[in-house]
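**Q**
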Amino acid sequence: MYFSSSSKLGFYLITLFAMLALIFSNVKALPLHRRQSYSGDGTFYTVGLGSCGQTNSDTEMVAALSSSLMSSGDNCGKQLTATSDGGSVTVTAVDSCPGCAEGDIDFSPAAFEKLGSLDKGRISIQWSFD
18 MYFSSSSKLG FYLITLFAML ALIFSNVKAL PLHRRQSYSG DGTFYTVGLG SCGQTNSDTE
78 MVAALSSSLM SSGDNCGKQL TATSDGGSVT VTAVDSCPGC AEGDIDFSPA AFEKLGSLDK
138 GRISIQWSFD
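Last residue of the sequence shown: number 147 in the working numbering, and the count goes up by one each step with no gaps.
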């Protein structure tokens, strides 16, 4: 039996699309852990030598995250953006905060002041990794 070249091309295209559909139907999306939003309390601390192994100062835009988020060290150097009723700030994770719950952040004084007055000491925040 003879098939025209356009019929063969159509057959090959249909076969190609079917194979691609099978391949991509088994592909799973990567987890979006970094886009997860957190909420908790924001506090501030005296910055120094952090658990990530570098020394920072109170004037830098840095923060300490809960031990559960920093235990593996994977979040060292990661940037995150936090917001409060008083503003927003982007900081770099450089330290662990053993007393923090998972959604809490301990900010440098300079970073905390972007969110609220140091006199408040503790404020509600929402944040996510950038």
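Using N, Cα and C, we set each Cβ at its ideal position, and we do this for glycine too.
Just so you know, these numbers come straight off a predicted model, no measurement behind them.
1) Rounding to the nearest angstrom, what Cα-Cα distance links L132 and G57 in this structure?
2) Assuming the contact rule is C-beta atoms closer than 8 Å, G59 and F129 should be a hit. Round their C-beta distance to whole Å, please.
3) Taking DSSP's pairing of strands, which residues face I122 in a bridge?
4) So is K98 buried or exposed if we call it buried at 16+ other beta carbons inside 10 Å?
5) What's the C-alpha gap between L225 and I31?
6) May I have the straight-line CA-CA distance separating F124 from L66, to the nearest angstrom?
7) For D75, collect the residues of the same chain with a Cβ closer than 7 Å to its Cβ; drop the 5 residues on either side in sequence, then sort them by chain order.
8) Could you check if A118 is buried or exposed, using at least 16 other CB atoms within 10 Å of its CB as the buried criterion?
9) Rounding to the nearest angstrom, what Cα-Cα distance links P115 and S84 in this structure?
10) Tell me whether the beta-carbon of N92 lies closer than 8 Å to the beta-carbon of A110.
11) Just list the residues that DSSP pairs Q143 with in beta bridges.
**A** Result, derived from the coordinates:
1) 13 Å
2) 7 Å
3) G59 and L82
4) It is Thr, not Lys, that sits at residue 98 in the sequence shown. Result: exposed.
5) Lying outside 18 to 147, the shown extent of the chain, residue 225 is not represented and no answer is given.
6) 14 Å
7) T63, V64, S125, P126 and A127
8) exposed
9) 5 Å
10) yes
11) S56 and T100
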